[in-house]
Amino acid sequence: HRGASKAAPENTLKAFHLAWEQGADAIEGDFHLTKDGKIVCIHDGNTKRYTKKNLTVSQSTLQELRTLDVGIRLGEKFKETKIPTIGEVFATVPEGKKIYIEVKCGPKIIPTLLAEIKNSGLKNEQIIVISFKHQIIQILKSHAPQFKAYWLSHIKKDKAGKLIPSITTVLKTLKDINADGFSSSKNCVAESYIQSIMKNGYEYHVWTVDDAMTATRIADWGAKSITTNVPGKMREYLTRQAPTLTP
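The letter at position 10 of the sequence shown is residue 10 when you use the working numbering, and the numbering goes up by one with no holes.
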């Protein structure tokens, strides 16, 4: 989840390298388009949470964003940590490993994203695009059906205790936008919910899981993978307890 973000600044090369060192099978990063058409790895649409200077990513050039230190807030050892480009993040991905690309901005990013993927040399099966936005998944799949794409959504309960979005809504959405899978928050998720979606031919992914008990439960329910801030800890535990799940 944004690299090994419990131990290093999220969405930075240090966090991604650490995730690989800790045995992660995949990394997940968040991506925005800059004013000058470059793709950078950052969760928020501005830099307020990471630095003293608040720049809006879409209104700033790559050069301007590169002047910021997004690591110093977590201590001297992370001083001079920069916001990485998507190309730099791709370059960390070892053979046989995967990257989950969460698109945080609008569909304008897609042509540049596809060009960056092509330039990266990564294989099709190493790429998974994820987004909360239906339009992103739909456009991505229409232009590049060779890449897997998952729809993201939080899950919550309504006053009657029913899960929102309902299984029916999820299945209709996945079909309408041509998604390959569904990626949900861990809150409220139930075995029947996961099983119903997977039985219809879709993959199921859960985020963000940092405790062993929840990870084991989700593995037993059949989810394909989880997102975690602590890949080393999860790898160690799941290898012992639930070898069917990919951390």
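Don't be surprised by glycine CBs; every beta carbon is placed ideally from N, CA and C. Fair warning: this is a prediction, and the values are worked out from it, not measured in the lab.
Do the CB positions of residue i and residue j come within less than 8 Å of each other?
i           : j           : result
residue 35  : residue 60  : yes
residue 149 : residue 170 : no
residue 156 : residue 164 : yes
residue 85  : residue 38  : yes
residue 152 : residue 183 : yes
Would you report the Cα separation of residue i and residue j, rounded to the nearest angstrom?
i           : j           : result
residue 97  : residue 207 : 19 Å
residue 122 : residue 160 : 46 Å
residue 195 : residue 177 : 20 Å
residue 235 : residue 26  : 12 Å
residue 105 : residue 56  : 12 Å
residue 108 : residue 134 : 14 Å
residue 216 : residue 210 : 11 Å
Quick check on residue i: does DSSP put it in helix, strand or coil?
i           : result
residue 76  : helix
residue 30  : strand
residue 249 : Not covered by the structure: residue 249. The range shown for the chain is 1 to 247.
residue 1   : coil
residue 83  : coil
residue 40  : strand
residue 102 : strand
Are there 16 or more other CB atoms within 10 angstroms of the CB of residue i, so buried, or fewer, so exposed?
i           : result
residue 22  : buried
residue 274 : This structure cannot speak to residue 274, because the chain is shown only from 1 to 247.
residue 45  : exposed
residue 2   : buried
residue 224 : buried
residue 11  : buried
Against chain D, does residue i count as a neighbour if the rule is that its beta carbon must be under 8 Å from one of theirs?
i          : result
residue 28 : Here there is only one protein chain, and chain D is not present.
* **Segments assigned beta strand (DSSP E), at least 3 residues, entirely inside the region 170 to 232** => 181 to 185, 203 to 207
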